[in-house]
Amino acid sequence: MASHGITRVADSTVRSVESRQRELQQIAAYKDLVDIVNTKVAERWYTIEVLALVTKLLNENPEYYTIWNHRRRILGSLLSESLSGAPDSQKQKQPAEDLINSDLQLTFGLLRKFPKCYWIWNHRHWILQKAESLLDVTTARRLWLGELQLVSKMLHSDSRNFHAWNYRRFVVTQLERIPVSATPLPDATPSKQSLAESEFEYTTKMIKTNLSNFSAWHNRSRLIPRLLDEREADIATRRKMLDDELALICTAVNTDPFDQSIWYYHQFLMSTLSPDCPRQSRLALDLSNQDRQRYYEHEMEYIREILEDEEDCKWIYEALLHCASSYLDIDGGTKTFTTVDMRSWLDALKRLDPLRKGRWDELSRSLNL
Amino acid sequence: MSLVSGPGRGGMTDLPEELRLFVDKHVSYIQSLDTRKDELEYWLTEHLRLNGLYWGLTALHLLGHPDALPRHEVVDFVLSCMHESGGFGAAPGHDAHMLYTVSGVQILATLDAFDDLEARVKSGRQRIGQYIADLQDPESGTFAGDEWQEKDTRFLYGALNALSLLGLLHLVNVDKAVEHVQSCANFDGGYGTSPGAESHAGQVFTCLGALTITGRLDLVDKDKLGAWLSERQLKNGGLNGRPEKKEDVCYSWWVLSSLAMLNKVHWIDGKKLASFILHCQDPELGGFADRPGDMVDVFHTVFGIAGLSLLKFPGLAEVDPVYCMPRVVTKRCLGQ
Ligand SMILES: [Zn+2]
Numbered sequence: 004m005a006s007h008g009i010t011r012v013a014d015s016t017v018r019s020v021e022s023r024q025r026e027l028q029q030i031a032a033y034k035d036l037v038d039i040v041n042t043k044v045a046e047r048w049y050t051i052e053v054l055a056l057v058t059k060l061l062n063e064n065p066e067y068y069t070i071w072n073h074r075r076r077i078l079g080s081l082l083s084e085s086l087s088g089a090p091d092s093q094k095q096k097q098p099a100e101d102l103i104n105s106d107l108q109l110t111f112g113l114l115r116k117f118p119k120c121y122w123i124w125n126h127r128h129w130i131l132q133k134a135e136s137l138l139d140v141t142t143a144r145r146l147w148l149g150e151l152q153l154v155s156k157m158l159h160s161d162s163r164n165f166h167a168w169n170y171r172r173f174v175v176t177q178l179e180r181i182p183v184s185a186t187p188l189p190d191a192t193p194s195k196q197s198l199a200e201s202e203f204e205y206t207t208k209m210i211k212t213n214l215s216n217f218s219a220w221h222n223r224s225r226l227i228p229r230l231l232d233e234r235e236a237d238i239a240t241r242r243k244m245l246d247d248e249l250a251l252i253c254t255a256v257n258t259d260p261f262d263q264s265i266w267y268y269h270q271f272l273m274s275t276l277s278p279d280c281p282r283q284s285r286l287a288l289d290l291s292n293q294d295r296q297r298y299y300e301h302e303m304e305y306i307r308e309i310l311e312d313e314e315d316c317k318w319i320y321e322a323l324l325h326c327a328s329s330y331l332d333i334d335g336g337t338k339t340f341t342t343v344d345m346r347s348w349l350d351a352l353k354r355l356d357p358l359r360k361g362r363w364d365e366l367s368r369s370l371n372l
Numbered sequence: 026m027s028l029v030s031g032p033g034r035g036g037m038t039d040l041p042e043e044l045r046l047f048v049d050k051h052v053s054y055i056q057s058l059d060t061r062k063d064e065l066e067y068w069l070t071e072h073l074r075l076n077g078l079y080w081g082l083t084a085l086h087l088l089g090h091p092d093a094l095p096r097h098e099v100v101d102f103v104l105s106c107m108h109e110s111g112g113f114g115a116a117p118g119h120d121a122h123m124l125y126t127v128s129g130v131q132i133l134a135t136l137d138a139f140d141d142l143e144a145r146v147k148s149g150r151q152r153i154g155q156y157i158a159d160l161q162d163p164e165s166g167t168f169a170g171d172e173w174q175e176k177d178t179r180f181l182y183g184a185l186n187a188l189s190l191l192g193l194l195h196l197v198n199v200d201k202a203v204e205h206v207q208s209c210a211n212f213d214g215g216y217g218t219s220p221g222a223e224s225h226a227g228q229v230f231t232c233l234g235a236l237t238i239t240g241r242l243d244l245v246d247k248d249k250l251g252a253w254l255s256e257r258q259l260k261n262g263g264l265n266g267r268p269e270k271k272e273d274v275c276y277s278w279w280v281l282s283s284l285a286m287l288n289k290v291h292w293i294d295g296k297k298l299a300s301f302i303l304h305c306q307d308p309e310l311g312g313f314a315d316r317p318g319d320m321v322d323v324f325h326t327v328f329g330i331a332g333l334s335l336l337k338f339p340g341l342a343e344v345d346p347v348y349c350m351p352r353v354v355t356k357r358c359l360g361q
């Protein structure tokens with residue numbers, strides 16, 4: 004009912020008698036399985052056997068959300084059974100861990116086949132939270148660490164998978180929340196640890212593999228301000244971070260000036276210079292308008308150099324106009340460029356990017372060009 | 026509210042001959058959807074049945090064939106998906122969830138069937154409204170999809186969509202919901218599924234929709250977001266959902282309707298987009314696919330047709346970009 008990227012084949016109504024017959028058999032078997040699962044759950048037969056039927060059905064149709072709900076109903080009952088009685092006995096705890104592990108395996112296998120199915124991600128989320136509430140801290144922490152590896156694997160096969168990036172941020176939050184050791188430290192300092200540094204390194208790794216990975220750039224834009232706060236970075240260190248990031252993105256721009264992802268990160272860095280940028284998004288905290296002016300001038304100079312080899316790259320003109328209007332906003336004057344320059348950049352945009360003509364027309368009105 | 030108008034948009038009358046809309050084919054395609062019980066796919070997609078009905082019915086209304094599905098059968102089916110709790114499942118026997126509850130309300134609204142609901146389910150409207158309201162997280166202001174507590178801006182939008190159609194927005198904390206939407210905003214002007222998540226055209230649609238319904242578009246950086254949205258258009262005219270991704274008819278709708286909410290439809294090339302959408306039709310059997318030459322489905326069919334309607338393609342009824350429903354219906358429900 005909602006398919007993506009599946010090529011249309013010739014009229015599907017022309018099927019052979021055998022294939023039609025086979026399909027009818029498949030339908031009958033599928034409907035039988037659905038009926039039996041629904042009936043057993045309605046009768047509250049929350050057993051290992053019914054759980055196996057649920058597994059079979061979910062393998063056939065992981066989008067069937069009600070069946071995932073049934074699975075949680077059954078598991079909830081089985082887990083509390085396995086933990087009732089002597090809560091401290093290792094022997095009693097084992098089955099609960101087995102149940103949890105088998106669900107982690109099931110969802111792992113399904114995610115490899117259906118990486119964009121919301122319900123599978125949800126269930127994994129649920130089973131892990133359940134595990135955390137039932138098992139000891141060390142085990143829970145080990146499980147969440149396993150999740151970080153899993154999500155790295157998923158992002159290795161599709162580095163833009165939206166669900167995987169969301170899940171990664173979620174897992175990181177969980178790991179940051181759970182104490183590193185079960186026993187509280189004597190001086191009562193929180194034993195939690197931030198993963199901002201290692202996550203920042205992860206984005207560097209992803210970007211180095213593929214400059215066009217905006218998901219990684221996005222995450223980086225979120226991590227850097229936090230990282231600087233956590234490092235309690237001084238003014239000079241903050242400036243250095245800003246300069247390093249600008250240098251990194253400028254190299255990237257030079258490598259592929261036609262890549263949107265790179266320009267968006269450039270836009271992010273430039274937006275952090277603005278006096279309107281909220282504190283929690285800033286890199287440097289002590290910028291004067293004179294500093295800002297210098298940054299804008301430097302960027303424009305660099306971008307104009309690239310322009311010499313890439314006259315047909317519209318992103319360059321857009322960035323120049325962007326810098327120019329930020330420059331004008333802080334009353335930088337028109338030392339480094341003139342309105343004639345701005346007009347020529349806008350003309351280039353209109354010429355190179357006719358799809359967005361309406362936008363360029365409006366921009367030229369708002370800039371009085 | 027002049028959401029669909031924008032300066033500088035020409036009509037589609039000068040499109041070449043081959044770019045026709047195969048209205049009759051699409052109507053019979055949608056009518057055929059419920060007769061495919063001998064296909065396994067029909068059974069494997071039962072969890073989308075109520076959404077599918079909303080997609081198909083909306084497409085038919087926009088195509089000017091509102092009676093192509095029998096009204097009483099549709100109402101019967103919708104009500105058979107309703108639970109005691111006031112929520113709707115995808116089909117009879119499926120659990121209640123926000124996604125289907127919204128579709129249920131949208132279908133009843135489109136068929137002007139709220140009175141039928143009241144006649145057959147005691148305090149029906151109120152019960153639906155309460156089901157939705159109970160899914161709001163009092164702390165963050167966002168909404169869960171169901172009792173299992175998955176949270177996402179899709180559900181927040183769905184809640185405000187359905188509640189506004191029912192005239193029951195007062196049941197929830199609107200300010201908190203708006204606050205949550207704000208916390209999902211990114212530097213590029215777009216929005217993600219939750220705070221910190223990457224901007225995504227589908228989420229931009231839900232967040233802008235929520236802000237439009239609550240009358241809080243003043244919170245949006247319109248130029249920045251408009252720029253990001255307009256960059257979704259690729260050379261072939263189609264729109265993608267994020268930078269450096271492929272074009273797709275469903276994303277074309279989410280981006281285009283978002284531009285419409287910002288009054289910036291003229292920031293992209295409407296003629297090229299219309300041509301892209303039309304190329305995604307199956308001219309023989311009807312329906313639209315995600316991209317030219319792919320398998321059609323009813324999901325891409327409604328978004329293709331709604332996109333064409335927003336582009337003022339001749340012969341289509343006007344669509345409301347916030348609700349993806351006929352404008353006459355939302356006008357009636359919202360008392361405009
Ligand atoms: Zn699509």
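Chains D and S supply the protein sequences, listed in that same order. Sequential numbering of the first sequence, starting at 4, is according to my numbering. Sequential numbering of the second sequence, starting at 26, is according to my numbering. We put the beta carbon where it would ideally sit given N, CA and C, even for glycine. Source: prediction; values computed, not measured.
I'd like to know whether the C-beta of Lys147/S is nearer than 8 Å to at least one C-beta of chain D.
Numbered from its first residue, the second sequence carries residue 147/S at position 122. No, Lys147/S lies away from the interface with chain D (no Cβ there is under 8 Å from its Cβ).
What do you get for Ala143/D, buried or exposed, if any count of 16 or more other CB atoms within 10 angstroms of its CB means buried?
On the first sequence, position 140 is the one that residue 143/D refers to. That one is buried.
Is it buried or exposed for Thr355/S, if we count other Cβ within 10 angstroms and need 16 for buried?
Your numbering for residue 355/S matches position 330 in the second sequence. Classification for Thr355/S: buried.
Would you tell me roughly how many angstroms separate the C-alpha atoms of Glu248/D and Ala314/S, rounded to the nearest one?
Looking up residue 248/D in the first sequence gives position 245. Looking up residue 314/S in the second sequence gives position 289. Between Glu248/D and Ala314/S, the C-alpha separation is close to 41 Å.
Sorry if obvious, but does the Cβ on Tyr54/S come closer than 7 Å to a heavy atom of ligand 1?
For the purposes of this step, residue 54/S is taken as the residue at position 29 of the second sequence. No, ligand 1 has no heavy atom inside 7 Å of this Cβ.
Using beta carbons (cut-off 8 Å, strictly below), is Leu28/S in contact with chain D?
As a first step, residue 28/S must be located in the second sequence, where it is residue number 3. The pLDDT assigned to Leu28/S is 27, lower than 50, so where the model puts this residue is not dependable, and the model offers no usable value.
Determine which residues share a DSSP beta bridge with Pro351/S and list them.
For this step, residue 351/S is matched to residue 326 along the second sequence. DSSP output for Pro351/S lists Val344/S as bridge partner(s).
Throw me the rounded Cβ distance for the Tyr267/D and Asp213/S pair, which I believe falls under 8 Å.
As a first step, residue 267/D must be located in the first sequence, where it is residue number 264. As a first step, residue 213/S must be located in the second sequence, where it is residue number 188. About 6 Å; that satisfies the 8 Å criterion.
If you measure from the CB of Gln280/S, is any heavy atom of ligand 1 nearer than 7 Å?
As a first step, residue 280/S is located in the second sequence; it is residue number 255 there, counting from the start. Note on residue identity: the sequence assigns Val, not Gln, to residue 280/S. No, the beta carbon of Val280/S sits no closer than 7 Å to any heavy atom of ligand 1.
Under 8 Å, with one C-beta from each stretch per pair, do the stretch 233-240 of chain D and the stretch 209-219 of chain D reach the 3-pair mark?
no
Which of the three DSSP states, helix, strand or coil, is assigned to Tyr49/D?
Here the question's residue 49/D lines up with position 46 in the first sequence. Reduced to three states, the DSSP call for Tyr49/D is coil.
Presumed contact (8 Å Cβ cut-off) between Leu335/S and Pro346/S, rounded CB distance
Counting from one through the second sequence, the residue named residue 335/S turns up at place 310. Counting from one through the second sequence, the residue named residue 346/S turns up at place 321. Going by Cβ atoms, the distance from Leu335/S to Pro346/S rounds to 6 Å, so yes, they are a contact pair.
Using a Cβ-Cβ cut-off of 8 Å, state whether Asp162/S counts as contacting chain D.
The sequence position of residue 162/S within the second sequence is 137, counting from 1. No, its Cβ sits nowhere closer than 8 Å to a Cβ of chain D.
Between which residues of its own chain and Lys96/D is the CB-CB distance below 6 Å, once the five residues before and five after are set aside?
As a first step, residue 96/D must be located in the first sequence, where it is residue number 93. With a pLDDT of 45 at Lys96/D, under the threshold of 50, the modelled position of that residue is not reliable, and the figure given next carries that caveat. No residues qualify anywhere along the chain.
What are the start and end residues of each continuous alpha helix (DSSP H) run of 4 or more residues lying completely inside the stretch 119-187 of chain D, in chain order?
121-137, 140-160 and 165-180
Tyr67/D - containing alpha helix (DSSP H), residue span
As a working mapping, residue 67/D is identified with position 64 in the first sequence. Element bounds for Tyr67/D: n/a, residue is neither H nor E.
According to DSSP, is Phe374/D helix, strand or coil?
There is no way to answer for residue 374/D, as the model of chain D reaches only from 4 to 372.
Can you give me the Cβ contacts of Leu198/D inside the same chain, cut-off strictly under 8 Å, excluding the 5 residues immediately before and after it?
As a first step, residue 198/D must be located in the first sequence, where it is residue number 195. So the list reads Val175, Leu178 and Glu179, once near-sequence residues are dropped.
Among the residues of its own chain, which have a CB less than 6 Å from the CB of Val197/S, if the five just before and after it don't count?
Within the second sequence, the letter at position 172 stands for residue 197/S. If we look at Val197/S and ignore the five residues flanking it on each side, its Cβ neighbours are Ala158 and Gln161.
Sequence-distant residues of its chain with Cβ nearer than 8 Å to His72/S (five each side left out):
Along the second sequence, read from residue 1 onward, the residue named residue 72/S stands at position 47. The answer, listed in chain order, is Ala115, Ala116 and His119.
Buried or exposed (CB count within 10 angstroms, at least 16 for buried), Lys317/D
Looking up residue 317/D in the first sequence gives position 314. That one is buried.
Does any heavy atom of ligand 1 sit closer than 7 Å to the C-beta of Cys120/D?
The residue given as residue 120/D occupies position 117 in the first sequence. No - ligand 1 has no heavy atom lying nearer than 7 Å to the Cβ of Cys120/D.
Can you say whether Ala191/D is buried or exposed, counting buried as having 16 or more other CB atoms within 10 angstroms of its CB?
Start at 1 with the first residue of the first sequence, and residue 191/D comes out as number 188. Per-residue confidence for Ala191/D stands at a pLDDT of 49, beneath the threshold of 50, marking its modelled position as unreliable; the derived number appears in the next sentence. With fewer than 16 other Cβ atoms within 10 Å, it is exposed.
Only counting the same chain, and skipping five residues up and downstream in sequence, which positions put a Cβ closer than 6 Å to that of Arg242/D?
Position 239 of the first sequence, counting from 1, holds the residue named residue 242/D. Only Ala287 meet the Cβ criterion.
My output table needs one value for Thr10/D: the three-state DSSP class, helix, strand or coil.
By one-based count along the first sequence, residue 10/D stands at place 7. If DSSP states are grouped into helix, strand and coil, Thr10/D belongs with the strands.
To the nearest whole angstrom, what separates the beta carbons of Asn76/S and Ser128/S, a pair I think is in contact under 8 Å?
On the second sequence, residue 76/S is found 51 positions in, with the first residue counted as 1. On the second sequence, residue 128/S is found 103 positions in, with the first residue counted as 1. Going by Cβ atoms, the distance from Asn76/S to Ser128/S rounds to 5 Å, so yes, they are a contact pair.
Any residue with its Cβ nearer than 5 Å to a heavy atom of ligand 1 should be included. What is that list in chain order?
Asp273/S, Cys275/S and Asp315/S
Comparing the C-beta of Gln283/D with each C-beta of chain S, is any distance below 8 Å?
Residue numbering aside, residue 283/D sits at position 280 when the first sequence is read from its first letter. No, Gln283/D does not count as interfacial toward chain S.
Which residues of chain D have a Cβ atom closer than 7 Å to the Cβ of Thr218/S, listed in chain order?
By 1-based counting over the second sequence, the position of residue 218/S is 193. By Cβ distance, chain D contributes Asn169.
Going by Cα to Cα distance, which pick from Tyr54/S, Leu136/S and Leu181/S is closest to Asp322/S?
As a first step, residue 322/S must be located in the second sequence, where it is residue number 297. Out of Tyr54/S, Leu136/S and Leu181/S, Tyr54/S has the C-alpha closest to the C-alpha of Asp322/S.
Limits of the alpha helix (DSSP H) - the one that Pro91/S falls within
For the purposes of this step, residue 91/S is identified with residue 66 of the second sequence, where counting begins at 1. Here Pro91/S belongs to no alpha helix (DSSP H), and DSSP marks it neither H nor E.
Label Thr135/S either buried or exposed according to how many other C-beta atoms from any shown protein chain fall within 10 Å of its C-beta, with 16 as the threshold for buried.
Your numbering for residue 135/S matches position 110 in the second sequence. Per the 10 Å Cβ criterion, buried.
Contact defined as beta carbons within less than 8 Å: I believe Gly262/S pairs with Lys297/S. What is the distance between those atoms, to the nearest angstrom?
For this step, residue 262/S is matched to residue 237 along the second sequence. For this step, residue 297/S is matched to residue 272 along the second sequence. At roughly 3 Å, the Cβ-Cβ gap stays under 8 Å, so Gly262/S and Lys297/S are in contact.
Could you name the residues of the same chain whose beta carbon sits closer than 6 Å to that of Ala184/S, not counting the 5 residues immediately before and after it, in chain order?
For the purposes of this step, residue 184/S is taken as residue 159 along the second sequence, with counting starting at 1. So the qualifying residues of the chain are Ile157 and Phe168.
Secondary structure of Lys271/S, DSSP reduced to three states
Taking the first residue of the second sequence as 1, we reach residue 271/S at position 246. Three-state DSSP puts Lys271/S in coil, outside helix and strand.
Is it right to say Ser83/D is buried, meaning 16 or more other beta carbons lie within 10 angstroms of its own, or is it exposed?
Indexing the first sequence from 1 puts residue 83/D at position 80. Under this definition Ser83/D is an exposed residue.
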